[in-house]
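Residue numbers (the working numbering), protein chains in the order written: chain A, 203 to 498; chain B, 203 to 498. First comes the structure, then the notes that go with it.
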């Protein structure tokens, strides 16, 4: 199963590269620098785990289409925009991302702000297109879901808590909320969007939602563990940083062993949520093990 | 007519304040600082000229609804986001906006980036809602138009040219393109969105488009004139800055008198485009005089 999973993940990353290259504007005109910065940030990098979740959730529901790939590209644009803005000097001040200089280092801060803005804008534009799904209401639902997942009650809200949390008491409720918003919301969107494109029923959406919430939190706990244990060369970014900064992390609250146990429990809950789908859920279940064991 | 125009503009600004206060998230939770920053930037300020254009274009087509107001609020959110990001130290570095400290001064840079991101996200979310228009395809068209107007081939593209244009030859073609993208694209969207909500035909959209393009360029030329002639107290921002920075402006190319003549010609063209609508176009035509004569 693990071999199959790695192959599927790698194949999706390859496909994603092709679709992203089509969706991103071709650098041209006097504003081409920002288009170059968008491509620099979005192409040739990343595990494409969010697109994987979207594509595989749709597949589990028996659906595959070019629209699914374009929806996955839109989602990845939002993820990449968040990385660019989070890396800015006024935010997390990271000069390394996916093993390359961050956008504000490779270009400059102004272009980093604008490239992020443009990727967010492009994501919504992409989701309006007919190719996504023939039903206009489904497209609107995806746009609405994506905005909710990435706005003040989603990813942005999580980032706001994150940049202020070092001065706040590190209680577990706050960290869980932070991570549910900052990382969890977009993973939740990925799985639900795949479900919606695949014609998921209300019950299906409930199951997918439980899966996504547990997986998203496990993912972040693993991130916190890697921040302490990880190898910065393998990670492609600096490690030990969040913990060193006194940022709120699960390792800070539970200790290393406690955090690992919590991640394992969440992984079990994620798999259980997909029991109704039998072998059709094998790949998504394998993704849980990937999240729990990943080294970067 | 002018009296009527001023009243209508003021009334729309008042209504806009109410609708924006409803559309913006109520500050709550550990991420409330970003919601406060959004309200600080979006409420109590501005002429609301873009919402005015949207509402009055719809009215000219005989349409008025709560959806028009919400669409106008979404548009204003995009305008405000662009101001917040443009004011950042890495961009135009303006510490004064609408007579108040810019968001990065009143809060901090990280919150300014995130508040801008959140306003852009909120704009798209708002346009997905049923209240905008009963036809899902019209809502999708508005989202698609807004993304195109504010992306790399619209407002963001214009800003990119602007921040690099001081090192570039100030030729008229480039300045016109810069302004068509940076200011014109969103005004064009305002007029077209009002038209679409009002059931405009293809011919109507062509007329509205000609009106909006001429008006948008006249608006920016007036901005350039005010940058040289204006009173910084009346403007609520520093003047003389663009010209002093050697930025590409119409005054730089045409001189003051030449720029004024060009603005006047564009104003005539804008009015001519609305001839087919007779007296129904009176308010939009009056807005042309407002643009040409405004002191701030």
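Glycine included, C-beta positions come from ideal geometry on N, C-alpha and C.
Please classify residue i: is it buried, with 16 or more other beta-carbons within 10 angstroms of its beta-carbon, or exposed?
i, result
"residue 259 of chain A", "buried"
"residue 482 of chain A", "exposed"
"residue 403 of chain A", "exposed"
"residue 353 of chain B", "buried"
"residue 339 of chain A", "exposed"
"residue 208 of chain A", "exposed"
"residue 409 of chain B", "buried"
"residue 478 of chain A", "exposed"
"residue 469 of chain A", "buried"
"residue 359 of chain B", "buried"
"residue 256 of chain A", "buried"
"residue 316 of chain B", "buried"
"residue 417 of chain B", "buried"
"residue 203 of chain A", "Here residue 203 of chain A scores only 47 on pLDDT, less than 50, and its place in the model is too uncertain to base an answer on."
Measuring only the C-alpha atoms, how far is residue i from residue j?
i, j, result
"residue 219 of chain A", "residue 247 of chain A", "9 Å"
"residue 476 of chain A", "residue 377 of chain A", "26 Å"
"residue 234 of chain B", "residue 490 of chain A", "33 Å"
"residue 375 of chain B", "residue 318 of chain A", "27 Å"
"residue 498 of chain B", "residue 314 of chain B", "24 Å"
"residue 276 of chain B", "residue 328 of chain B", "6 Å"
"residue 306 of chain A", "residue 299 of chain A", "11 Å"
"residue 297 of chain B", "residue 290 of chain B", "8 Å"
"residue 349 of chain A", "residue 321 of chain B", "10 Å"
"residue 304 of chain A", "residue 286 of chain A", "7 Å"
"residue 398 of chain A", "residue 407 of chain A", "8 Å"
"residue 426 of chain B", "residue 451 of chain B", "6 Å"
"residue 273 of chain A", "residue 362 of chain A", "26 Å"
"residue 295 of chain A", "residue 211 of chain B", "43 Å"
"residue 419 of chain B", "residue 456 of chain B", "14 Å"
"residue 310 of chain A", "residue 240 of chain A", "13 Å"
"residue 431 of chain A", "residue 355 of chain B", "44 Å"
"residue 486 of chain B", "residue 262 of chain B", "8 Å"
"residue 405 of chain A", "residue 341 of chain A", "20 Å"
"residue 381 of chain A", "residue 381 of chain B", "41 Å"
"residue 243 of chain A", "residue 250 of chain A", "13 Å"
"residue 466 of chain B", "residue 379 of chain A", "56 Å"
"residue 429 of chain A", "residue 460 of chain A", "15 Å"
"residue 245 of chain B", "residue 215 of chain B", "10 Å"
"residue 401 of chain A", "residue 264 of chain A", "9 Å"
"residue 464 of chain B", "residue 385 of chain B", "17 Å"
"residue 217 of chain B", "residue 492 of chain B", "20 Å"
"residue 252 of chain B", "residue 280 of chain B", "10 Å"
"residue 282 of chain B", "residue 365 of chain B", "19 Å"
"residue 480 of chain A", "residue 221 of chain A", "30 Å"
If you follow the alpha helix (DSSP H) that residue i is in, where does it begin and where does it stop?
i, result
"residue 379 of chain A", "374-381"
"residue 390 of chain A", "387-399"
"residue 476 of chain A", "No alpha helix (DSSP H) contains residue 476 of chain A, which DSSP labels as neither H nor E."
"residue 350 of chain A", "338-352"
"residue 238 of chain B", "234-244"
"residue 283 of chain A", "268-289"
"residue 361 of chain A", "357-367"
"residue 314 of chain A", "311-329"
"residue 498 of chain B", "Here residue 498 of chain B belongs to no alpha helix (DSSP H), and DSSP marks it neither H nor E."
"residue 424 of chain A", "404-431"
"residue 306 of chain B", "305-308"
"residue 256 of chain A", "251-262"
Rank the options by C-alpha distance to the C-alpha of residue i and give the top, closest one.
i, options, result
"residue 357 of chain A", "A:232, A:486, A:244 and A:388", "A:388"
"residue 415 of chain B", "B:432, B:390, B:488 and B:398", "B:390"
"residue 330 of chain A", "B:394, B:343 and B:221", "B:343"
"residue 237 of chain A", "A:424, A:464 and A:223", "A:223"
"residue 231 of chain B", "A:279, A:367 and A:405", "A:367"
"residue 332 of chain A", "A:381, A:359 and A:270", "A:270"
"residue 254 of chain B", "B:430, B:393 and B:412", "B:393"
"residue 312 of chain B", "A:301, A:293, A:373 and A:323", "A:293"
"residue 345 of chain B", "A:351, A:337 and A:323", "A:323"
"residue 226 of chain B", "B:267, B:213, B:261 and B:278", "B:278"
"residue 495 of chain B", "B:379, B:302 and B:424", "B:424"
"residue 347 of chain B", "B:395, B:217 and B:383", "B:395"
"residue 422 of chain A", "A:282, A:229, A:462 and A:334", "A:462"
"residue 351 of chain B", "A:474, A:326, A:301 and A:454", "A:326"
"residue 334 of chain A", "A:464, A:266 and A:302", "A:266"
"residue 284 of chain A", "A:301, A:383, A:458 and A:480", "A:383"
"residue 412 of chain B", "B:472, B:365, B:364 and B:282", "B:472"
"residue 453 of chain A", "A:213, A:373 and A:302", "A:373"
"residue 268 of chain A", "A:480, A:336, A:484 and A:301", "A:336"
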